[in-house]
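Visitor:
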Amino acid sequence: MIAKKSEDIQNLREAGKILASALQHVATLVRPGVSTAKLDVAAEKYIRDAGAVPAFLNYMPDGATSAFPAVLCVSINDEVVHGIPSEERIITQGDLVMLDLGLSYNGLFSDAAITVCAGACDEKGTRLIKATQEALAAAIEVAKAGNRTGDIGAAIEAVAKKYNLSVVDELGGHSLGLVPHEKPFVSNTGKAGTGEILSEGLIIAIEPIFTEGKPDIFLDSDEWTYRTEDGSRSAETEHTVMVTKDGAEVLTRV
Ligand code: MG
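Shown next as structure tokens:
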């Protein structure tokens with residue numbers, strides 16, 4: 014959506030604030046021995062206690078064969094996105110755990126993700142996470158009114174190149190606001206000066222996803238989880254932002 018009404022902007026800011034603190038809270042629970050279902054329960058409680066509504070629970074995008082059965086996506090190591098929480102899935106030492114969460118507040122949607130390491134992290138894992146954070150920061154800087162979606166993709170790609178990592182471009186960012194996902198698609202790759210123009214007030218989720226190996230992914234038999242084809246680890250960092258004249262305002266911050 015292109016947010017124009019100040020009431021909508023206030024609700025988007027509040028949605029983002031609740032989401033950022035929910036993610037921060039869930040991240041403190043990530044440690045070896047914890048099930049991913051426990052993280053999902055904690056996320057749902059936090060969101061509902063704050064007066065917000067989970068956006069991913071029972072979400073069924075066009076083309077899906079089943080509704081997403083949880084509040085939180087937890088994608089570990091070679092799982093790229095949309096991992097389904099489970100009592101049986103126990104986090105182990107050194108896992109790269111991507112937490113992706115969406116919610117609505119007074120009908121306005123927000124979407125964000127972080128990747129954290131369970132226990133002690135190896136140097137390559139730390140570097141992979143840091144690269145996605147740096148890519149997101151670079152993308153936010155160019156997400157200003159009059160620029161184009163290709164500027165965002167180019168900024169993300171440049172950081173991946175610097176770190177010698179691969180960009181997953183089958184998945185990427187998107188607009189949102191009155192619904193959890195809408196056009197335009199905000200690719201993680203692109204050429205500066207091309208693509209859709211970013212208008213002032215446009216709400217977009219920007220979500221660089223990098224892998225340590227090749228960028229190819231496939232859909233698991235659970236019909237939700239995407240994994241890397243070569244089994245290499247991936248990480249993602251995501252913010253929902255509002256495009257302004259001077260760069261993006263990050264909505265999903267505490
Ligand atoms: Mg997300």
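So that you can map any letter, position 58 of the sequence shown is 71 in my numbering, and since no number is skipped, the others follow by simple counting.
Cβ coordinates follow ideal geometry from the N, Cα and C atoms, glycine included.
So the alpha helix (DSSP H) residue 162 belongs to, where does it begin and stop?
Guide: For the purposes of this step, residue 162 is taken as the residue at position 149 of the sequence shown. Element bounds for residue 162: 162-176.
Visitor: Consider the C-beta atom of residue 126 and the heavy atoms of the ligand MG; say whether any pair is separated by less than 7 Å.
Guide: Along the sequence shown, one-based indexing puts residue 126 at 113. Yes - the ligand MG has a heavy atom lying nearer than 7 Å to the Cβ of residue 126.
Visitor: According to DSSP, is residue 179 part of a helix, a strand, or is it coil?
Guide: Your numbering for residue 179 matches position 166 in the sequence shown. Three-state result, residue 179: strand.
Visitor: Quick one: what does DSSP say residue 261 is sitting in, helix, strand or coil?
Guide: Counted from its first residue, the sequence shown places residue 261 at position 248. Looking at residue 261 - three-state DSSP - the assignment turns out to be strand.
Visitor: Go ahead and pull the three-state DSSP assignment for residue 195.
Guide: Counted from its first residue, the sequence shown places residue 195 at position 182. The answer is strand: DSSP assigns residue 195 an E or B state.
Visitor: Whose C-beta lies closer than 8 Å to the C-beta of residue 95 among residues of the same chain, with five residues either side of it excluded?
Guide: Translated into positions along the sequence shown, residue 95 becomes position 82. The residues are 81, 86, 88, 113, 237, 238, 239.
Visitor: Residue 97 by DSSP, collapsed to three states: which one?
Guide: Your numbering for residue 97 matches position 84 in the sequence shown. Residue 97 falls in the coil class under three-state DSSP.
Visitor: If we ignore side chains and look at the alpha-carbon of each, how far apart do residue 66 and residue 17 end up?
Guide: Residue 66 sits at position 53 when you count from the first residue of the sequence shown. Residue 17 sits at position 4 when you count from the first residue of the sequence shown. Their backbone Cα atoms lie some 23 Å apart in a straight line.
Visitor: Is residue 256 buried or exposed, if buried means 16 or more other CB atoms sit within 10 Å of its CB?
Guide: Stepping through the sequence shown from its first residue, residue 256 is reached at position 243. Buried is the call here.
Visitor: My output table needs one value for residue 54: the three-state DSSP class, helix, strand or coil.
Guide: In the sequence shown, counting from the first residue as 1, residue 54 sits at position 41. Helix at residue 54.
Visitor: Taking 7 Å as the cut-off, is the beta-carbon of residue 218 closer than that to any non-hydrogen atom of the ligand MG?
Guide: Residue 218 sits at position 205 when you count from the first residue of the sequence shown. Checking the Cβ of residue 218 against the ligand MG gives yes.
Visitor: Indicate whether residue 118 and residue 248 have their beta-carbon atoms separated by less than 8 Å.
Guide: Stepping through the sequence shown from its first residue, residue 118 is reached at position 105. Stepping through the sequence shown from its first residue, residue 248 is reached at position 235. Not closer than 8 Å, so no.
Visitor: Which word fits residue 210, buried or exposed, when buried means at least 16 other C-beta atoms lie within 10 angstroms of its C-beta?
Guide: Translated into the one-based positions of the sequence shown, residue 210 becomes position 197. Exposed, because fewer than 16 other Cβ atoms sit within 10 Å of the Cβ of residue 210.
Visitor: Throw me the rounded Cβ distance for the residue 216 and residue 250 pair, which I believe falls under 8 Å.
Guide: Sequence index remark: in the sequence shown, residue 216 carries index 203 (1-based). Sequence index remark: in the sequence shown, residue 250 carries index 237 (1-based). Not really, about 18 Å apart at Cβ, beyond 8 Å.
Visitor: Beta strand (DSSP E) containing residue 249: first to last residue?
Guide: As a working mapping, residue 249 is identified with position 236 in the sequence shown. First-last of the beta strand (DSSP E) with residue 249: 247-249.
Visitor: Give me the DSSP bridge partner(s) of residue 110.
Guide: Position 97 of the sequence shown, counting from 1, holds the residue named residue 110. Beta-bridge pairing links residue 110 to 89, 129.
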